[in-house]
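This report concerns only the one structure given below.
Set out below in C-alpha cells:
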C-alpha cells in the first residue's frame, strides 16, 4: 500500500513570495490533515478535511494561507505572501475517518523563507 | 482550550533497559483519544500506541505500554527492553474537539 505522498520535499523562497505544497493521501482515506511543525516543536494542526469539506481550520492564518481538497482526494496548501516565521516543515497526514483513527504521515515539505 | 505538556525535552536510556516518557494534558471533555507518535531522524512520523479515554484498561503494543490516569490527566509511555531503533522524537497527542500535539521528547538509546 502506497503511503502519503508530498511534494516538493524542500523549498527555499524569499519573503513575500508565494509557495504551494501538494499532498496525495492514502487511497480510501476520507480525512486529510495539514500540520505546521516549527523546529523544536510539535506539529500544529492547520486544517482538517473530511472528503472535500473543511472540518477544522481554526488555526489556519487565513490572511495568507489557503488550502483546498478538490474531489476529496489530493490537496494543496498555499502561502501567499510568505513571512520569515513560516519557515517550518509542513506535514500532511491522512486517516480512514475521524481523528481518533491512526494518522499516517507523509515525509513533509521543509520550507525555508529568507 | 486543550493543552498537552511533555515536560522532558530529552531522555537517555541504556539499551535493553526500561524508560518512561511523561505526558500530561488538560481538557474539559470526557470523550477523547490519546496517542504516542514516534518521529525517527529524517523519517516519517508513525503511530506507537493509542488509548481511548472511555477505556480503563491501559493499551499495550509489544514492548510499548501506557499508564493512563484519566483523573490525573496523565498519559505516560513505557518502553521496555529499549532497542537502538527506538531512538527518536516521541510526541504525545490528544484528539477530541481539537487535535493537539505536545512539544516532544527526544529519546537517546545508549549502546
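Protein chains in written order, with the numbering used here: chain G, 6 to 119; chain Z, 236 to 346. Don't be surprised by glycine CBs; every beta carbon is placed ideally from N, CA and C.
Looking at chain G, is there any beta carbon in it that lies within less than 8 Å of the beta carbon of residue i?
i, result
"residue 246 of chain Z", "no"
Straight-line CA distance for residue i to residue j?
i, j, result
"residue 106 of chain G", "residue 241 of chain Z", "22 Å"
"residue 42 of chain G", "residue 325 of chain Z", "14 Å"
"residue 109 of chain G", "residue 89 of chain G", "28 Å"
"residue 87 of chain G", "residue 321 of chain Z", "36 Å"
"residue 18 of chain G", "residue 257 of chain Z", "38 Å"
"residue 39 of chain G", "residue 27 of chain G", "10 Å"
"residue 118 of chain G", "residue 44 of chain G", "13 Å"
"residue 10 of chain G", "residue 255 of chain Z", "33 Å"
"residue 81 of chain G", "residue 30 of chain G", "11 Å"
"residue 266 of chain Z", "residue 243 of chain Z", "26 Å"
Return no unless some Cβ of chain Z is closer than 8 Å to the Cβ of residue i.
i, result
"residue 90 of chain G", "no"
"residue 75 of chain G", "no"
"residue 30 of chain G", "no"
"residue 46 of chain G", "yes"
"residue 107 of chain G", "yes"
"residue 101 of chain G", "no"
Strictly below 8 Å CB to CB, what residues from chain Z border residue i?
i, result
"residue 15 of chain G", "Residues of chain Z passing the Cβ test: none, with the nearest at roughly 12 Å."
Please list, in chain order, the chain Z residues whose beta carbon lies closer than 7 Å to that of residue i.
i, result
"residue 110 of chain G", "279 and 280"
Residues of chain Z with a CB under 9 Å from the CB of residue i: which are they?
i, result
"residue 50 of chain G", "333, 334, 335 and 336"
Compile a chain-ordered list of the residues in the stretch 312-337 of chain Z whose CB is closer than 7 Å to at least one CB of chain G.
Taking 7 Å as the Cβ-Cβ cut-off against chain G, the residues of the stretch 312-337 of chain Z that qualify are 326, 330, 334, 336 and 337.
Mind checking the stretch 254-282 of chain Z against chain G and listing, in chain order, the residues whose C-beta falls within less than 7 Å of any C-beta there?
Answer set for the stretch 254-282 of chain Z: 268, 279, 280 and 282.
Quick test of the definition: if touching needs 3 or more C-beta pairs under 8 Å, does the stretch 56-66 of chain G touch the stretch 258-270 of chain Z?
Two segments are said to touch when three or more pairs of C-beta atoms, one from each, lie closer than 8 Å; by this definition the stretch 56-66 of chain G does not touch the stretch 258-270 of chain Z.
Across the stretch 71-89 of chain G and the stretch 238-258 of chain Z, are there enough close Cβ pairs to call them in contact, namely three or more that are closer than 8 Å?
Contact annotation: the stretch 71-89 of chain G does not touch the stretch 238-258 of chain Z, with fewer than three C-beta pairs closer than 8 Å.
Near-chain G residues of the stretch 295-307 of chain Z - C-beta to any C-beta below 7 Å:
Cβ contacts with chain G come from no residue of the stretch 295-307 of chain Z.
Under 8 Å: do the stretch 14-28 of chain G and the stretch 48-58 of chain G share three or more Cβ pairs, one atom per stretch?
In short, these stretches do not touch, since the Cβ pair count stays below three.
Below 8 Å, can you find three or more Cβ-Cβ pairs linking the stretch 327-346 of chain Z to the stretch 293-304 of chain Z?
These segments do not touch.
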